[in-house]
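Below is one structure, written out as structure tokens; comments come after it.
Right, here's the structure in full:
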């Protein structure tokens, strides 16, 4: 009798707790998978912070983490669409290296002969050349997959080998450096950041945009008689979102320029350095802004365009999509073209950050990109995936790498951890889909 009473009380308490949590999640419409991923990210950050003796959660490390995550985050947004259609792209790492070499040779060896070193158009032409090459290669691979019927796994596995070899062939294995001064701004660093004032302006604009988005969404729901979120839930989402944005800006502004660069800057501008030193904040890095911009555009493409709807329709049921009149082959080819363009953007970020184009550039990035997409909620079964989730997944993967470097973990063991995380992520995705079904 006592056991039955205790069990009933326990079930009642659990039901009450689940009801409260359920009501909160229903009112705010928060994605439980995204919350779980953010929780895992927080655990990883706190864990590495304690294990590293307080070195992880510092402005310097978090700023560098954001810059290092940018290129993988950019590629992961395209990988979402690839995997949603039940395909895969194993060539992104090698393609990044090849496109980076093309951009490096273009701006360091070819264009200076015609325009001269330091010409303001060099970085634009080099970037354009990389994007064109990425799009052409993406179109080639997409055509073979969509129209010739060769499985994406085989085509992109071949691309992994072909483009890595092509990167070596361009310069016979030589490293190309340095990059154009303006081009290097895309890689971050003291000059590749927008500073404190501009960062606060960007943060304020982002907060205003978030609030306007919530207001517009509420108006649209009312217009079409859709259920409305409670006002307190709207306020909660707006307040938490703005708090996160402004906190990120504050962290970026808390990371100062190195003392040597500050000293040279002060001398060049006739600024007297005070006794305690001159504090000049980095602010938000340009590659981070590029990644965020790509994420916003890709989210719009995936959620608000006919092309995006076709992508998810193909992933959900390819046969039904084709019977509905969707040109599935052309859509898949466009996905791989878009993937090639995004790889070119990521390659520009990576090359600018290294200030060199190397043959090893992008090695194993394909694993990080796929893992980021899967960890972010993209189902390998197709039809399910989010851009924001993939970008958070990219930050999570880079956090693991950065944390292990701080702890002095050897590279082979780092690869073991990445592989294990990928397997666990796919397993969790399988379990989640079974529960939903």
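In our numbering, the protein residues as written are 75 to 511. Don't be surprised by glycine CBs; every beta carbon is placed ideally from N, CA and C. None of the values given here were measured: they were computed from a predicted structure.
> Should residue 150 go down as buried or exposed, given a rule of 16 or more other Cβ atoms within 10 Å for buried?
Replying inline: buried
> Since residue 267 sits in a beta bridge, which residues does DSSP pair it with?
Replying inline: 359
> Out of curiosity, what's the CA-to-CA distance linking residue 166 and residue 242?
Replying inline: 16 Å
> Between residue 433 and residue 418, what straight-line distance do the alpha-carbon atoms span, to the nearest angstrom?
Replying inline: Going from the Cα of residue 433 to the Cα of residue 418 covers about 15 Å.
> Would you call the CB atoms of residue 163 and residue 156 closer than 7 Å?
Replying inline: yes
>> Taking 8 Å as the cut-off, does the stretch 128 to 142 touch the stretch 486 to 494 (at least 3 CB pairs, one atom from each stretch)?
In response: no
>> Only counting the same chain, and skipping five residues up and downstream in sequence, which positions put a Cβ closer than 7 Å to that of residue 443?
In response: Exclusion of the five residues before and after residue 443 leaves 146, 149, 150, 153 and 166 as the residues of its chain whose Cβ lies within less than 7 Å of its Cβ.
> According to DSSP, is residue 399 helix, strand or coil?
Replying inline: coil
> Who are residue 250's beta bridge partners in DSSP?
Replying inline: 431
> Around the C-beta of residue 505, are 16 or more other C-beta atoms found within 10 angstroms, so that it is buried, or is it exposed?
Replying inline: exposed
> Hey, how far is the Cα of residue 190 from the Cα of residue 179?
Replying inline: 14 Å
> Under the DSSP definition of a beta bridge, which residues are partnered with residue 330?
Replying inline: 355
> Which first and last residues belong to the alpha helix (DSSP H) in which residue 241 is found?
Replying inline: 226 to 245
>> Classify residue 87: buried if its beta carbon has 16 or more other beta carbons within 10 angstroms, exposed otherwise.
In response: Residue placement at residue 87 is flagged as unreliable, the pLDDT there being 43, under the threshold of 50; the coordinate-derived value follows with that caveat. Exposed, since its Cβ has fewer than 16 Cβ neighbours within 10 Å.
>> If you follow the alpha helix (DSSP H) that residue 103 is in, where does it begin and where does it stop?
In response: Counting along the chain, residue 103 falls outside any alpha helix (DSSP H), and DSSP gives it neither H nor E.
> Within this structure, are the beta carbons of residue 285 and residue 312 separated by less than 7 Å?
Replying inline: yes
> Per the contact definition of three or more C-beta pairs closer than 8 Å, is the stretch 242 to 262 in contact with the stretch 355 to 362?
Replying inline: Touching, per the Cβ criterion.
> What is the rounded straight-line gap between the Cα of residue 406 and the Cα of residue 270?
Replying inline: 42 Å
>> Assess contact between the stretch 250 to 260 and the stretch 409 to 428, defined as three or more Cβ pairs (one per stretch) separated by less than 8 Å. Is contact present?
In response: yes
> Closest by CA to residue 450, which one among 411, 421 and 502?
Replying inline: Of the listed residues, the one whose Cα sits closest to residue 450 is 502.
>> Quick check on the burial criterion: 16 or more other C-beta atoms within 10 angstroms. Buried or exposed for residue 304?
In response: That one is exposed.
>> Can you tell me whether residue 498 is buried or exposed? The criterion is at least 16 other CB atoms within 10 Å of its CB, across all chains shown.
In response: Counting Cβ neighbours within 10 Å, residue 498 comes out exposed, since fewer than 16 surround it.
> What are the boundary residues of the alpha helix (DSSP H) that includes residue 260?
Replying inline: It is not in any alpha helix (DSSP H) - residue 260 carries neither H nor E in the DSSP assignment.
>> Is the beta carbon of residue 480 closer than 7 Å to that of residue 99?
In response: Contact flag unset, no.
> So, helix, strand or coil for residue 393, using DSSP?
Replying inline: helix
> Would you call residue 181 buried or exposed, if buried means 16 or more other Cβ atoms sit within 10 Å of its Cβ?
Replying inline: With a threshold of 16 other beta carbon atoms within 10 Å, residue 181 meets it and is buried.
>> With distance defined between alpha-carbon atoms, name the residue in 296, 386, 299 and 188 nearest to residue 459.
In response: 386
>> Between residue 212 and residue 372, how many whole angstroms is the CB-CB distance? I'm expecting something under 8 Å.
In response: Contact flag wrong, Cβ pair sits at about 15 Å.
>> What would DSSP say about residue 163, mapped onto helix, strand or coil?
In response: Looking at residue 163 - three-state DSSP - the assignment turns out to be coil, as it is neither helix nor strand.
> By Cβ distance below 7 Å, which residues in the same chain neighbour residue 144 in space, the five residues on each side in sequence not counted?
Replying inline: Once the five neighbours on either side are set aside, the close Cβ partners of residue 144 are 361, 362, 364, 365 and 423.
>> Output needed for residue 238: all residues of its chain with C-beta closer than 7 Å, excluding positions within five of it in sequence on either side, in chain order.
In response: Excluding sequence neighbours, residue 238 sits near 168 and 171.
> Taking all protein chains shown into account, do 16 or more other C-beta atoms lie within 10 angstroms of the C-beta of residue 183, making it buried, or fewer, making it exposed?
Replying inline: exposed
> Taking Cβ positions only, does residue 322 come closer than 7 Å to chain B?
Replying inline: In the structure shown, chain B does not exist; there is a single protein chain.
> Do residue 456 and residue 160 come within 7 Å of each other at the CB atom, strictly closer than that value?
Replying inline: yes
> Leaving out five residues before and five after residue 106 in sequence, what residues of the same chain have Cβ atoms less than 8 Å from its Cβ?
Replying inline: Around residue 106: 99.
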